[in-house]
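With the UniProt record's numbering applied, the sequence shown covers 1 to 298. Read the structure below first, then the notes.
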Amino acid sequence: MNIKQLRYFCKVVEAGGISQAAKAFSLAPAAISLQITSLEKELNGELFYRTSRPITLTKLGEFLFNKAHEVIFSFDKLERDALQYVSTASVNLNLGFVRSVMFNLIPETIKLFSEKHGHISITLKEVLSEYQSDLLSTQSIDIGFTREMGISEPTDGQELSRELILIDPLVAAIPINHYLSRKNFITLRDFCNSPFIIFPSDPKSSYAMRIQDKFIEYGVQPAVAHRTVEIHTALALVGAGLGVTLVGRSTIPNNRQDVLFLPIEDFNCLSYIYAVYNAKNPNPNIMNFIETMKTISG
């Protein structure tokens, strides 16, 4: 049984015959008759008394006719609701992001994207990378922007897809009046001679641990003076002269004036910015926004 058969059946009853129903659907009577016969075979019973004129329903026909209207109404409502959902979703885009991509990448992407798609409303939500998967799975956010210490595949099931946006080398962030500020670049040992401010300090985040593992790989261990949850707090502490930290090179534009950013000559440490999305999400704006960000990131 399918919705088309039910529509044809109800129209035959309402129109008073197969020929009249066929005219309403602009079909040949044989096509309607074939669908009714197929429906009767599936139900293992006749819906009409074929010998009577005008057309008369059997008990099974009466039962089905009464129920079919409810089914058709519910189906039509579901179709309308689904279309409304897609229509609403198509003018909204919900973004989750780690704060380190807010200095430059996301603002510039929104600016360029909005020039072409000004009717689309964008909502922003700050979320650490490790907390984005659940929001993407439930489609509470449409795209999540993460920063990771390495190239990796999603581990939360095949429904989450990812696009590499930028390979972002880590650089030193030091106070503007730091004794190293006169240099064009510093060494790893220079960097480790100052108190280290590490972030994000969160039990689910592996980012900070990966940073520390990288130091161990290079045979150094900076003295951790402060732990913070977000990059803004870490940079505020740096600006106050309380230590140094590591940030992605892409965060330098539009950053603090009391912080200087220098490359570390002998420390090759890369971070990777990804756009993560739910492959089952029907929002048509997802890939447009991601491609726009790729244009911005170069």
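Glycine included, every Cβ here is placed at the ideal spot set by N, Cα and C.
Sheet register partners of residue i (DSSP bridge)
i, result
"Thr58", "Beta-bridge pairing links Thr58 to no other residue."
"Pro169", "Leu270"
"Pro284", "BP columns for Pro284 are empty, so no partner."
"Leu164", "Tyr274"
"Asn92", "Ser121"
"Ile110", "Note: Ile110 sits in no beta bridge, so no partner."
"Ile143", "Leu95, Tyr277"
"Ile174", "Leu260"
DSSP three-state assignment for residue i, whether helix, strand or coil
i, result
"Thr123", "strand"
"Val98", "coil"
"Glu148", "strand"
"Phe48", "strand"
"Glu159", "coil"
"Ile296", "helix"
"Asn184", "coil"
"Arg189", "helix"
"Arg80", "helix"
"Ala31", "helix"
"Tyr179", "coil"
"Thr37", "helix"
"Arg7", "helix"
"Phe103", "coil"
"Pro26", "For the sequence presented, residue 26 should be read as Ser rather than Pro. Coil."
"Leu43", "helix"
"Asn2", "coil"
"Leu64", "helix"
"Leu128", "coil"
Spatial neighbours of residue i in its chain, beta-carbon cut-off 6 angstroms, leaving aside the 5 residues before and after
i, result
"Ile32", "Tyr8, Ile18, Ala21, Ala22"
"Ile252", "Phe261"
"Ala68", "Leu6, Cys10"
"Ile198", "Ala208, Val224, Arg227"
"Lys214", "Cys269"
"Met1", "Glu42"
"Asp190", "Leu180"
"Thr109", "Thr292, Met293, Ile296"
"Arg147", "Val98, Ser100, Ser271, Ile273"
"Arg256", "Leu235, Gly239"
Buried or exposed (CB count within 10 angstroms, at least 16 for buried), residue i
i, result
"Gly243", "buried"
"His178", "buried"
"Gln132", "buried"
"Asp142", "buried"
"Arg99", "buried"
"Ser26", "exposed"
"Arg50", "exposed"
"Phe289", "buried"
"Gln35", "buried"
"Glu40", "buried"
"Phe75", "exposed"
"Pro263", "exposed"
"Gly248", "buried"
"Gly96", "buried"
"Pro222", "buried"
"Val91", "exposed"
"Thr123", "exposed"
Neighbourhood of residue i by C-beta, 8 angstroms cutoff - its chain only, sequence neighbours within 5 removed
i, result
"Leu260", "Ala173, Ile174, Pro175, Ile176, His178, Ser181"
"residue 348", "Residue 348 lies beyond the residue range present for the chain, which begins at 1 and ends at 298; the question has no answer from this structure."
"Pro54", "Gly16, Gly17"
"Leu112", "Thr292, Thr295, Ile296"
"Val13", "Ile55, Leu57, Gly61, Phe65"
"Leu105", "Phe145, Ile165, Leu166, Ser250, Ile273, Met293, Ile296, Ser297"
"Gly45", "Thr58, Leu60"
"Ser38", "Gln5"
"Ser205", "Leu128, Ser129, Glu130"
"Pro169", "Gly248, Arg249, Pro263, Asn268, Cys269, Leu270, Ser271"
"Leu160", "Ser133, Leu136, Ser137, Pro154, Val276, Tyr277, Asn278, Ala279"
Residues near residue i in its chain [Cβ-Cβ closer than 7 angstroms; skip 5 each side]
i, result
"Phe267", "Leu188, Tyr218"
"residue 327", "Here the chain has residues from 1 to 298 only, and residue 327 is not among them."
"Gly118", "none"
Subject >> Every unbroken alpha helix (DSSP H) inside the segment 191-274 [4 residues or more] >> reply: DSSP runs (the alpha helix (DSSP H)) wholly in the segment 191-274: 207-217, 231-239.
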